[in-house]
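Notes follow the structure.
Number of protein chains: 2
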Amino acid sequence: MGLFTKDIKTMNDLFVHQLQDIYYAEQQLTKALPKMADKATDPQLKQGFLTHLEETRQHVKRLEEVFKMHGTEVKAVDCPAIDGIIEEADETAGEVADKAVLDAALINAAQAAEHYEIVRYGSLIAWAKQLGRTDCAAVLAKTLEEEKATDKKLTSLAESRINLRAAS
Amino acid sequence: MGLFTKDIKTMNDLFVHQLQDIYYAEQQLTKALPKMADKATDPQLKQGFLTHLEETRQHVKRLEEVFKMHGTEVKAVDCPAIDGIIEEADETAGEVADKAVLDAALINAAQAAEHYEIVRYGSLIAWAKQLGRTDCAAVLAKTLEEEKATDKKLTSLAESRINLRAAS
Chain A
11 MGLFTKDIKT MNDLFVHQLQ DIYYAEQQLT KALPKMADKA TDPQLKQGFL THLEETRQHV
71 KRLEEVFKMH GTEVKAVDCP AIDGIIEEAD ETAGEVADKA VLDAALINAA QAAEHYEIVR
131 YGSLIAWAKQ LGRTDCAAVL AKTLEEEKAT DKKLTSLAES RINLRAAS
Chain B
11 MGLFTKDIKT MNDLFVHQLQ DIYYAEQQLT KALPKMADKA TDPQLKQGFL THLEETRQHV
71 KRLEEVFKMH GTEVKAVDCP AIDGIIEEAD ETAGEVADKA VLDAALINAA QAAEHYEIVR
131 YGSLIAWAKQ LGRTDCAAVL AKTLEEEKAT DKKLTSLAES RINLRAAS
């Protein structure tokens, strides 16, 4: 869809636009997560990023499934929000000298990405239901649950030891 | 703090950096919210944005209070994440032709900003506690509660009528 062309005329158009946006975001995250895993020093955090990378690859496939179920071309549109979230993660990580502090910063960065996705999948599911596409909503809901579970795991890891080590 | 200079050496440095980042984000939101209120057609949504604008101005003041409590210079650093979130909101809103669909898109955009802030304040509060600054944590927690309440109000408004109108 082109800028300033007012291509979104119906909720269905908005739904498809948002699908294309999150499709781009998930693809960018499959590139960002291996770098975050490389930088992490805590073994559980490193493994957490790698596990979520596998889930993210699955999320990309699920989105392709939803595009097909909905009879729409599989396509990505630029998503300045996820680009900004990843850019900020890179910049902040690049400024951290201490490894334990870097782990705390990486968790914070990853949670920004998770919450971005939680909002977008939440809206997509609500809109799919409104459009009578409970089949699409059900597929998207699987991903939303995994994003929420990852966010909780990150909070628990930060609270159980990463923050303590970073402050010591 | 300069890029590539590894200025963040301790959790305290990370805490201050994140304070500067969210200080910039809140300031940008005080500029974005009036525009979102202008674009909204649903009266309750429009009023919701204006109410949250007042809260956001208060959040800026609370951050200045935390900087002072912590004995740190009041300063903002660029926050590419909030810039990206606002840019995406503008772009998507600019593409929507239908007013009811635009309201649904505006809610989705506002929730992306709210969740960004929820993550950042969540980390700031956890780090403040770890640093023994329960006084700073208490001030930041007031803002976090308001961000969460705004997010819930937006979901409730979307589910109660905005999405229904947008799909009809």
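Residue numbers (this note's numbering), protein chains in the order written: chain A, 11 to 178; chain B, 11 to 178. Beta carbons are placed, not taken as given, at the ideal position from N, Cα and C, and that holds for glycine. These numbers come from a predicted model, not from an experiment.
Name the chain B residues whose beta carbon is nearer than 7 Å to that of residue i?
i             : result
residue 95(A) : 91 and 94
residue 62(A) : By Cβ distance, chain B contributes nothing, its closest Cβ being about 16 Å from residue 62(A), past 7 Å.
residue 86(A) : Going along chain B, no residue has its Cβ under 7 Å from residue 86(A), so there is no contact; the nearest lies around 14 Å.
Can you pull the chain A residues whose beta carbon is under 8 Å from the beta carbon of residue i, in chain order?
i              : result
residue 39(B)  : Going along chain A, no residue has its Cβ under 8 Å from residue 39(B), so there is no contact; the nearest lies around 14 Å.
residue 18(B)  : 102, 105, 106, 107, 108, 111 and 115
residue 27(B)  : 102 and 105
residue 147(B) : Ordered by position in chain A, no residue passes the 8 Å Cβ test against residue 147(B), which lies about 12 Å from the chain.
Taking Cβ-Cβ distances shorter than 9 Å, what residues in chain A pair up with residue i?
i              : result
residue 113(B) : Within chain A, no residue comes near residue 113(B); the closest Cβ sits about 11 Å away, beyond 9 Å.
Within the continuous alpha helix (DSSP H) that includes residue i, where are the two ends?
i              : result
residue 23(A)  : 21-49
residue 62(A)  : 53-79
residue 167(A) : 144-167
residue 15(A)  : That residue, residue 15(A), is in no alpha helix (DSSP H); it is neither H nor E in DSSP.
residue 174(A) : 173-177
residue 91(A)  : 90-105
Tell me whether residue i sits in a helix, a strand or coil according to DSSP, three-state version.
i              : result
residue 111(B) : helix
residue 129(B) : helix
residue 139(B) : helix
residue 124(A) : helix
residue 86(A)  : coil
Buried or exposed, going by whether 16 or more other CB atoms sit within 10 Å of the CB of residue i?
i              : result
residue 28(A)  : buried
residue 90(B)  : buried
residue 76(B)  : buried
residue 84(A)  : exposed
residue 49(A)  : buried
residue 155(B) : exposed
residue 74(A)  : exposed
residue 133(A) : buried
residue 64(B)  : exposed
residue 81(A)  : exposed
residue 172(B) : buried
residue 57(B)  : exposed
residue 15(A)  : exposed
residue 54(A)  : exposed
Note down, in chain order, every chain B residue with its Cβ under 8 Å from the Cβ of residue i.
i              : result
residue 128(A) : 125
residue 121(A) : 129, 132 and 133
For a contact meaning CB atoms closer than 7 Å, what does residue i contact in chain A?
i              : result
residue 140(B) : 173, 174 and 177
residue 21(B)  : 111, 114, 176 and 177
residue 169(B) : 136
If residue i and residue j are in contact, beta carbons under 8 Å, what's the gap, nearest whole angstrom?
i              : j              : result
residue 32(A)  : residue 106(B) : With 8 Å as the limit, residue 32(A) and residue 106(B) do not qualify as a contact, their Cβ atoms being about 17 Å apart.
residue 163(A) : residue 72(A)  : About 20 Å separates the two Cβ atoms, so there is no contact after all.
residue 168(A) : residue 117(A) : 5 Å
residue 21(A)  : residue 111(B) : 6 Å
residue 79(B)  : residue 145(B) : 6 Å
residue 125(A) : residue 69(B)  : That belief does not hold up - the Cβ atoms of residue 125(A) and residue 69(B) are roughly 18 Å apart, past 8 Å.
residue 94(A)  : residue 93(B)  : 6 Å
residue 113(B) : residue 23(B)  : So it is not a contact: roughly 42 Å between Cβ atoms.
Mind listing the chain C neighbours of residue i? Cutoff is C-beta to C-beta under 7 Å, in chain order.
i             : result
residue 98(B) : Structure shown: chain C not included; protein chains present are A and B.
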